[in-house]
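S.K.: Take this structure, written in structure tokens, and hold onto it; I'll ask about it next.
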Amino acid sequence: IEGLEVMGDPQLSVIGIRSTNPDLNIYALAYSMGHDKGREWELNSLQNPSCVHICCTYMHKGLGPKFVDDLRGSVKDVLENKAFYAKKSSVAIYGTTKSAPGSLVGETSKAFIDALFKLPKVKPEESKS
């Protein structure tokens, strides 16, 4: 799609997209792809460089052509309605944990993983059935 570029060479489920057109605000594009405009795609904003990404999951199976059509329509919509999108687009805040101390991130991640995999205690009489 003219004005957009896939970042890198995605091998798995995350695809980053950036704007190559200075008139195309990538964050406005993410808004246009969202629920408020009826397209119902969830693109996450990133920064340095300004871009968005989609994490493809099983629920996206078979929807590639629809995504590309919606993306193409959103590019057109944003470029034709700059005044509207100037009020609707936002800056990226995804990934701001990089400013948190590494120890805090590590401790929080460990606590989350521990809670995720914690097994409930089984009473001896329940384990015999």
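The end of the sequence shown is residue 124 by my numbering, with every number in the run present. Quick reminder that beta carbons are idealized off the backbone N, C-alpha and C, glycines included.
(1) Anyone know if the C-beta pair for G29 and N16 falls short of 8 Å?
(2) Where does I108 sit, in a helix, a strand or coil, going by DSSP?
(3) According to the neighbour-count rule (16 or more other Cβ atoms, all chains shown, within 10 Å of its Cβ), is I12 buried or exposed?
(4) Under 8 Å between the Cβ atoms of A25 and V47?
(5) Using the Cβ count rule (16 or more neighbours within 10 Å means buried), how would you classify Y53?
(6) Comparing C-alpha positions only, which one of N39, E35, Q42 sits nearest to D64?
(7) Measure the CB-CB distance between L38 and V73 and report whether it falls below 8 Å.
(8) With distances taken Cα to Cα, identify the nearest neighbour of K32 among L111, D109, N76, K113.
(9) Express the C-alpha separation of S98 and F112 in angstroms, rounding to a whole number.
(10) Grab the span of the beta strand (DSSP E) containing S14 for me, first residue to last.
(11) Need the endpoints of the alpha helix (DSSP H) that S40 sits in, please.
M.R.: In short:
(1) no
(2) helix
(3) Under this definition I12 is a buried residue.
(4) Contact: yes.
(5) exposed
(6) E35
(7) Between L38 and V73, the gap from beta carbon to beta carbon reaches 8 Å or more.
(8) N76
(9) 21 Å
(10) 9 to 14
(11) Not the alpha helix (DSSP H): S40 falls in the beta strand (DSSP E), residues 39 to 41.
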